[in-house]
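**Q** Protein chains in written order, with this note's numbering: chain V, 90 to 417; chain R, 90 to 417; chain S, 90 to 417; chain G, 90 to 417.
4 protein chains.
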Amino acid sequence: MRLLIPRSDIEVTAVTSRKYKDVKVSKVYPHLEKITNHVFADALPEKIASLCDIVFLAVPHGEAMRAVPVFLDAGKKVIDLSADYRLKNVDIYEKWYVKHTSPNLISEAVYGLPELYRENIRNARLVANPGCYPTSIILGLAPLLTRGLVEPASIIADSKSGVSGAGRELQMSSLFCEVNEGFKAYKAGSHRHTPEIEQEVGILAGKDVSVLFTPHLIPIDRGILSTIYGTLQKRLTTAEIVNYYHEFYESEPFIRVCEEGVLPNVASVRGSNMCDIGIKVDERTGRVIVISAIDNLIKGAAGQAIQNMNLICGIPENSGLHLMPLFP
Amino acid sequence: MRLLIPRSDIEVTAVTSRKYKDVKVSKVYPHLEKITNHVFADALPEKIASLCDIVFLAVPHGEAMRAVPVFLDAGKKVIDLSADYRLKNVDIYEKWYVKHTSPNLISEAVYGLPELYRENIRNARLVANPGCYPTSIILGLAPLLTRGLVEPASIIADSKSGVSGAGRELQMSSLFCEVNEGFKAYKAGSHRHTPEIEQEVGILAGKDVSVLFTPHLIPIDRGILSTIYGTLQKRLTTAEIVNYYHEFYESEPFIRVCEEGVLPNVASVRGSNMCDIGIKVDERTGRVIVISAIDNLIKGAAGQAIQNMNLICGIPENSGLHLMPLFP
Amino acid sequence: MRLLIPRSDIEVTAVTSRKYKDVKVSKVYPHLEKITNHVFADALPEKIASLCDIVFLAVPHGEAMRAVPVFLDAGKKVIDLSADYRLKNVDIYEKWYVKHTSPNLISEAVYGLPELYRENIRNARLVANPGCYPTSIILGLAPLLTRGLVEPASIIADSKSGVSGAGRELQMSSLFCEVNEGFKAYKAGSHRHTPEIEQEVGILAGKDVSVLFTPHLIPIDRGILSTIYGTLQKRLTTAEIVNYYHEFYESEPFIRVCEEGVLPNVASVRGSNMCDIGIKVDERTGRVIVISAIDNLIKGAAGQAIQNMNLICGIPENSGLHLMPLFP
Amino acid sequence: MRLLIPRSDIEVTAVTSRKYKDVKVSKVYPHLEKITNHVFADALPEKIASLCDIVFLAVPHGEAMRAVPVFLDAGKKVIDLSADYRLKNVDIYEKWYVKHTSPNLISEAVYGLPELYRENIRNARLVANPGCYPTSIILGLAPLLTRGLVEPASIIADSKSGVSGAGRELQMSSLFCEVNEGFKAYKAGSHRHTPEIEQEVGILAGKDVSVLFTPHLIPIDRGILSTIYGTLQKRLTTAEIVNYYHEFYESEPFIRVCEEGVLPNVASVRGSNMCDIGIKVDERTGRVIVISAIDNLIKGAAGQAIQNMNLICGIPENSGLHLMPLFP
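1) Rounded C-beta distance between R:Val51 and R:Ile137? I'm assuming under 8 Å.
2) Using a cut-off of 8 Å between C-beta atoms, extract the partners of S:Leu412 located in chain V.
3) Could you please give the first and the last residue of the uninterrupted alpha helix (DSSP H) stretch that includes G:His189?
4) Under 8 Å between beta-carbons, which chain S residues line up against V:Asn269? List them in chain order, please.
5) Closer than 7 Å by C-beta to V:Arg117: which residues in its own chain qualify, once you throw out the five before and the five after it? Chain order, please.
6) Where DSSP assigns a beta bridge to V:Tyr222, which residues make up the other side?
7) Does any C-beta atom of chain V lie closer than 7 Å to the C-beta of R:Lys110?
8) Mapping DSSP to helix, strand and coil, what is S:Phe265?
9) Measuring CB to CB, does G:Phe343 end up less than 7 Å from G:Asn362?
10) In three-state terms, what does DSSP make of V:Ala217?
11) In whole angstroms, what is the alpha-carbon distance linking S:Lys113 and S:Ile94?
12) Which of helix, strand or coil does DSSP assign to R:Pro304?
13) Between the segment 256-268 of chain V and the segment 255-275 of chain S, do three or more beta carbon pairs fall short of 8 Å?
14) Report the neighbours of G:Leu259 on chain R: residues whose CB is nearer than 8 Å to its CB, in chain order.
15) Tell me, to the nearest whole angstrom, how far the beta carbon of G:Tyr222 is from that of G:Ser196; I am working on the premise that it is less than 8 Å.
16) Using 8 Å for Cβ pairs, my map puts G:Ala382 next to G:Asp371. What's the rounded Cβ distance?
17) Suppose you measure from the CA of G:Ala274 to the CA of V:Val355; what does that come to, to the nearest Å?
18) Of all Cβ atoms in chain S, is any one closer than 7 Å to the Cβ of G:Pro95?
19) What residues from chain R crowd round V:Ile124, counting only those whose CB sits closer than 7 Å?
20) Compare the C-beta of R:Ala416 against all C-beta atoms of chain V and say whether one is closer than 7 Å.
21) For chain R, check one thing: does any of its Cβ atoms lie closer than 7 Å to the Cβ of S:Arg373?
22) Going along the chain, which residues of its own chain have a beta-carbon closer than 7 Å to the beta-carbon of G:Glu183, five neighbours each way excluded?
23) Quick check on DSSP: helix, strand or coil for R:Thr316?
24) Applying a beta-carbon distance threshold of less than 8 Å, which residues of chain G neighbour S:Ser381?
25) Under the rule that 16 or more other beta-carbon atoms within 10 Å means buried, what is S:Asp180, buried or exposed?
26) If I'm right that S:Arg211 touches S:Ile395 with Cβ under 8 Å, what's the distance once you round it to whole angstroms?
27) List, in chain order, every chain G residue whose beta-carbon is nearer than 7 Å to that of V:Lys116.
28) Just verifying my parser: in three-state terms, what is the DSSP assignment at S:Ser250?
29) May I ask you to report which of helix, strand or coil DSSP gives S:Thr105?
30) Measuring only the C-alpha atoms, how far is S:Pro284 from S:Pro219?
31) Straight-line CA distance for V:Gly392 to R:Arg96?
32) Find the nearest neighbour of R:Val358 within the set R:Asn385, R:Ala163, R:Tyr200, R:Lys323, judged by alpha-carbon distance.
33) Residues of the segment 346-362 of chain V in Cβ contact with chain G at a cutoff of 9 Å, in chain order, please.
34) May I have a chain-ordered list of the beta strand (DSSP E) segments no shorter than 3 residues that lie completely inside the segment 110-173 of chain R?
35) In the DSSP assignment, find the unbroken alpha helix (DSSP H) run with V:Cys402 in it and report its ends.
36) With DSSP collapsed to three states, give me the class of S:Ser97.
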């Protein structure tokens, strides 16, 4: 909402919440006081469909798959922020998540990473907005994998996320005193974003691949930093790879490739739709380290969703996304 | 720069720094990479004056008073973020700061708090942009003082600021491990913003007044919360005072008066030009508690400076300041 | 438990929890792994009474008043960390809290602030361990009030607490992203510690008094800093008051009076039973500012409870409390 | 000093500082007020040698190598917290650090990791106290390497450290606003702890090995978490490896091996000499993930130094180190 309200080309017609229905949005989010007068409507897809052209679905997996068909049947376009349509292989989806109730729509859904699927997104009815961790990892690896410069089976993604990644749910592990001044890994080797990463890495690599993915929790509000390791297929210098990344992402508005010697910091992308990428070749071990940083709530979620909306609507892709990173 | 760059009606023609002259801005502030190609120019007022119509001066007190005459003589308008032209009484200035070298300009300077001095600012050549603490305290007290509802001599301002208020200078007290997980008062009763607060409180109260001001350091990046205490001149309820604040600030774009029962949080104004104000009458002691929250870097500095520039230029006052608070 | 386990003169015989009964303590608090093998027992006062000589009650108000009589009837001594026996006036208790079910025990209970009630505590069966905010405020004011140096009706206590003060309960307002990078006041003028502060200030002042108390939330784990304002009854210098505080607290093991010019920081008492107190006279307004800092979980709760236990048991008062502040 | 002062078997006879000579320690570290009356003495090895039996050297590399011979010649024992005597191969030392001025003492120095070199430490005159990162990584890998369960060339250590690791020096990158709400890697593949890690991994593996080591900065005061990846030499379950770690570290007082399914958190070791280790086998990729957590200032520095001192003095190894982790 923060990103849509200031726009003159878009109108927010309804905001829904089962929990807060009939409550003013600014009661729940006091920072939006005087900015919006919206009141949360009940989350009834049939009703909402009549009010809008495009729907952003930000409901848990399992629920999205029930709402999406309603909106599509009503002729609406949907950008789904859940995991329900991200995995092309329904068996893999059901292994990691739950039984799928609208598997027929999976093949039609477009994986909403504009840097890789821009043209398909323009024509999509249903966009599966990527997960926050996969966004940071796939953008970090795409140039290397596209050119076959890294051994796919060697890839390890050691990711670190701010606490907003866990949402606003009441759980002990999200309490201030549990998180603050701490740092830990969680779901090492078993996080649900793993198959999503593997799917896209596999497509880029042209073969099936297993990726080792370890998420960690940083005691900050926003930001994901992924440190990605891979064995190089041939000797390459940092400068050569940096150059190649610059080429690969040359016309991308939201990718910033760091110069040799510079590594990204989540603080430099906070509040923006940027993805910063830094490279370091470790010649002693023949490996490359790729480090990518995004704001998990913007490029990792809402900002990317709006980028997708812009593409679907034929509006300039960066409309409403000239968000200056907020530092400090 | 973050706030000016995205604008189409304003052009940033020069950015200066003695320390970083000839260095790319984005080298020093990596979050601005791909956003600006500016290179820091040397801070030579004579040269800079020829490049622009309006100057934002963000140099220490003592230096501003030397640069301002150069810019004014060259026919430029100046918004000075230092303390050099805030105090109308040069003796008080010299008691709290240093010898003044251009005291003749003091009477002409307009105190840049648009909510109180809007019309004067429109016609000013020289605007003295208020201090961050005074902004939060004066906006918090103005309605009460204007109507004579509070005993001026009873006022105590207990303020708390994020660490960015100290700037980016290398000092032990700004190191992460010195500040983090700590909380302390500093310069209790002796902070240089005291005479600035007293000047404006005195003008509003119509008489000289001493204010007790205690600043504290919060281990956060941005934000000032001022908790202001005063003895009421007559019995009033919280609701009555809240209503009066709503009236007083009715047409102000950047003031949000909280409903009864709600108190402000610096997190709700982060990254925005908003000033949130909450009220609570303590009927047991006959005192009123006014709590105001601003982002010290926006409404407390750069945002207010741009608000003043908009007024000077005859542009709509909120141009470029539709900054959505960033939460979380 | 952290503070009792390493001691050789004390044995922890039972630890209770209804929620976690039969669960290993170190499952719930992983930092205690390898340090204790205790398993949470159910919280059944009758059963527990037979296992121990002294009971620390850390249950909500309302529950303590039901358990205390059981322990006392069994001949045990009780240190109650709830508010149930802190207020001598049952009407005031019932106005701010709930109906009291064992009011007959109130007069017998000793307010467990050793610096003021040391001798009574030695002989007590029931100690009402003080609230965290009142501890910081009463220790800050006691010397001034004892000597009548400050006008009691002028007292304002502006306190700031770390998040652990809210306990480990699941509530939205304790979530990391709600608290982090924020700062706010809460329950201004209406916090339940107000009558407790007033009771003790009144005793020291020798007359009934209303105190204005405003708590705030700091985004840190531990620590309370209280900034206390009062009007002086006569002209006094900071040095004079500092000297007097040194005298007053001369033999106290856990009070550190700061030298003139130094103000306390919660970071300097973290993890310890210390209370640091700094003084500043504002001669311009005739007021004194007293700033006190404690660790809310130690001197504000468990440490003070153990100090009381030591007194009750006739053990040296600082046994097990030589806790070095942890900085950084 | 915090850890030595409370002990009755040890006396701190001198504390030195060139910068703060003749200043009270508690002026520089206010948390030690009332705890020590020591005044910083000038750092003159000849003078200091006459005052003590054992010296802890906490000076930069390059300086230690000049002071150590003085103390040894005077018949004192030295625990050196710098890197000067950690690397057995002087060429490697000089490649990563500076020219060595007392290389003859290197072979005599014992690497002060008690879990691996306990007996040698007991008889040492000179102990090279390990680096903080190497401590966490070597303790995490020792059981696997000792048994040859992991391919040494496959090891990647992705480490994350709190800010106190950078010391108290004035540098821009340690300022609160530069670090807070940020997260970044630094010196990827080029940190000076790399050869130290490789030396010890090589000894355990029985062959030379290159290790890829990437440190990151966490916006917290204390703590290192190392996430270590390695390819298993044969199929093993998490349970099997956890069991083996339990065996390997069975009698170690400061190692806590997490049960299967539990991963360590730096918050659980804060303020203590503990090293927590968690294990997870990723059967899909044939790799093991070992995660270790220490307090970089205790087990990563001062605590380990005292553990070494206890061994040298023939005192029980855990004397003065029963430090309860401080949580929250």
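Yeah, the Cβ is synthetic: ideal placement off N, Cα and C, and Gly gets one too. Nothing here was measured: the structure is a model prediction, and the numbers come from that model.
**A** From the atom records:
1) As displayed, chain R neither begins before 90 nor continues past 417, which places residue 51 of chain R out of reach and without an answer.
2) Neighbours of S:Leu412 on chain V: none; closest Cβ ~18 Å, over 8 Å.
3) Here G:His189 belongs to no alpha helix (DSSP H), and DSSP marks it neither H nor E.
4) Val252, Phe265, Asn269, Pro308, Ile309, Asp310
5) Checking the displayed sequence, the identity of residue 117 of chain V turns out to be Val instead of Arg. Within the same chain, V:Val117 has close Cβ partners Tyr109.
6) Partner(s): none; V:Tyr222 has no beta bridge.
7) no
8) helix
9) yes
10) strand
11) 15 Å
12) strand
13) yes
14) Leu259, Gln260, Met261, Leu264
15) In fact, because the Cβ distance is near 24 Å, the residues do not count as touching under 8 Å.
16) Going by Cβ atoms, the distance from G:Ala382 to G:Asp371 rounds to 20 Å, so no, they are not a contact pair.
17) 10 Å
18) yes
19) Met413
20) One point to set straight first is that residue 416 of chain R is Phe, not Ala, in the sequence displayed. Yes, R:Phe416 lies at the interface with chain V (some Cβ there is under 7 Å from its Cβ).
21) yes
22) His189
23) strand
24) In chain order: nothing, as chain G lies at least about 14 Å away.
25) exposed
26) So it is not a contact: roughly 15 Å between Cβ atoms.
27) Going along chain G, no residue has its Cβ under 7 Å from V:Lys116, so there is no contact; the nearest lies around 27 Å.
28) strand
29) strand
30) 12 Å
31) 20 Å
32) R:Asn385
33) Leu352, Pro353, Asn354, Val355, Ala356, Ser357, Arg359
34) 143-146, 166-169
35) 392-402
36) coil
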